[in-house]
Amino acid sequence: MIYTIQNDILKIEINSLGAELYSILDKRDQTEHLWQGDKNLWARRAPTLFPHCGKLKENQYTHNNKSYKSNQHGFARDYEHSVIERNNTSITFLFSDNKETRERYPYHFRLYTIYRLENERLTQIFEVENVSDDDMFFSIGYHTGYKLPFDDNHKPEDYSIVFEQDETPVENICNDGLLSGEKRVYFEKQSHIPIHDKLFVNGSFALEGLKSKHVSIVEKDSGKEIRVGIEDFPYTVFWSMPGKVKYVCIEPWFGLPDMHNTDGEFSKKPGIQRLEKGKIFSCKQTIEILK
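Residue numbers (our numbering): 1036 to 1326.
Encoded structure:
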């Protein structure tokens, strides 16, 4: 089911399937800023990544000497999430473990997804509650796709990815979706990544060591901007399908894909989070549509 929250500036739609962000409509000029999905390119729009981010080697992992099967990015995106609270400008979804999820992930959990709208800013909060009897291992991340160009008068090359400040980030090198173990400096003391059709020829790039509190997609001639808050996230991933750029995903993550040489133990995954029994982990991304 599609739910709507809105104010005088933005109209936001969320699909209860996966509690997935489904539309970011700027009411000031009727511009849709969220990628609307295309089965021939990328059918999703902004899936939740839980309980792991990225690819697992051979689509499986082990924990406490037991093997589990799981697909890339986990399963939270593929289940209905229940609405437990709602008003005109905010909505809260809940997804809990069930018999089927426990065959893929051995923990009891509650995953809350909270959307709050204030002026031109949308805040999306994840809260993970461990209701198991033991410590819980997990990763979680955002995978929001932003539509390019913003309008018919521009092309993707008219945009740049812009960090809040100059950065010297480290890229985690992936081969076939798995970490190779190699790292390299992506660039030195720069803040802009020009968008062009060859930017994602090798797929995504996962950066760590960022100091910026936010990163934006900026229209060069007008200054129009989608600003994404990434503060406190250890990794930020950028991705689009190789070829003609029609969207760019900005993905703050608490986690990374498996290493090529992994032994499969889930608790040793890069970037894995450990949550004590009864505790709650919280993170958020903010999305601002600035004119």
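Every residue, glycine too, gets a C-beta built ideally from N, C-alpha and C.
Whole-number beta carbon distance between residue j and residue i, since they are thought to touch under 8 Å
{"i": "residue 1307", "j": "residue 1174", "result": "6 Å"}
{"i": "residue 1197", "j": "residue 1272", "result": "That belief does not hold up - the Cβ atoms of residue 1197 and residue 1272 are roughly 17 Å apart, past 8 Å."}
{"i": "residue 1224", "j": "residue 1201", "result": "5 Å"}
{"i": "residue 1235", "j": "residue 1275", "result": "5 Å"}
{"i": "residue 1083", "j": "residue 1124", "result": "With 8 Å as the limit, residue 1083 and residue 1124 do not qualify as a contact, their Cβ atoms being about 21 Å apart."}
{"i": "residue 1159", "j": "residue 1319", "result": "6 Å"}
{"i": "residue 1210", "j": "residue 1295", "result": "7 Å"}
{"i": "residue 1240", "j": "residue 1206", "result": "5 Å"}
Beta-carbon proximity check, residue i vs residue j, cutoff 8 Å
{"i": "residue 1290", "j": "residue 1176", "result": "yes"}
{"i": "residue 1053", "j": "residue 1113", "result": "yes"}
{"i": "residue 1302", "j": "residue 1172", "result": "yes"}
{"i": "residue 1130", "j": "residue 1118", "result": "no"}
{"i": "residue 1310", "j": "residue 1163", "result": "yes"}
{"i": "residue 1105", "j": "residue 1312", "result": "no"}
{"i": "residue 1098", "j": "residue 1141", "result": "yes"}
{"i": "residue 1218", "j": "residue 1326", "result": "no"}
{"i": "residue 1288", "j": "residue 1268", "result": "yes"}
Nonlocal neighbours in the same chain, by C-beta distance under 7 Å from residue i, ignoring five residues either side
{"i": "residue 1010", "result": "In the structure as shown, the chain starts at 1036 and stops at 1326, and residue 1010 therefore has no counterpart that could be examined."}
{"i": "residue 1132", "result": "1142, 1143 and 1144"}
{"i": "residue 1139", "result": "1103, 1104, 1105 and 1110"}
Neighbourhood of residue i by C-beta, 8 Å cutoff - its chain only, sequence neighbours within 5 removed
{"i": "residue 1068", "result": "1059, 1060, 1061, 1181, 1182, 1185, 1261 and 1324"}
Same chain, Cβ closer than 6 Å to residue i, neighbours up to 5 away in sequence not counted
{"i": "residue 1070", "result": "1080, 1180, 1182 and 1282"}
{"i": "residue 1297", "result": "1092"}
{"i": "residue 1204", "result": "1221, 1242, 1244 and 1245"}
{"i": "residue 1266", "result": "1248"}
Reference residue i, options the options, closest by Cα
{"i": "residue 1264", "options": "1076, 1157 and 1141", "result": "1157"}
{"i": "residue 1187", "options": "1077, 1078, 1254 and 1110", "result": "1254"}
{"i": "residue 1126", "options": "1142, 1106, 1266 and 1153", "result": "1153"}
{"i": "residue 1278", "options": "1210, 1139, 1246 and 1238", "result": "1238"}
{"i": "residue 1293", "options": "1088, 1063 and 1043", "result": "1088"}
{"i": "residue 1077", "options": "1139, 1280, 1063 and 1132", "result": "1280"}
{"i": "residue 1300", "options": "1096, 1063 and 1038", "result": "1096"}
{"i": "residue 1136", "options": "1150, 1041, 1115 and 1212", "result": "1115"}
{"i": "residue 1066", "options": "1085, 1044 and 1086", "result": "1044"}
{"i": "residue 1256", "options": "1191, 1322 and 1213", "result": "1191"}
{"i": "residue 1178", "options": "1042, 1075, 1085 and 1074", "result": "1085"}
Min CB distance residue i to chain C below 8 Å
{"i": "residue 1309", "result": "Considering every chain present, this structure includes no chain C. It has just one protein chain."}
Neighbour-count burial assignment, residue i, 16 or more Cβ in a 10 Å radius
{"i": "residue 1120", "result": "exposed"}
{"i": "residue 1049", "result": "buried"}
{"i": "residue 1165", "result": "buried"}
{"i": "residue 1228", "result": "buried"}
{"i": "residue 1304", "result": "buried"}
Closer than 7 Å: residue i CB and nearest the ligand MG heavy atom
{"i": "residue 1200", "result": "What this structure holds is no ligand at all, so the ligand MG is not there to describe."}
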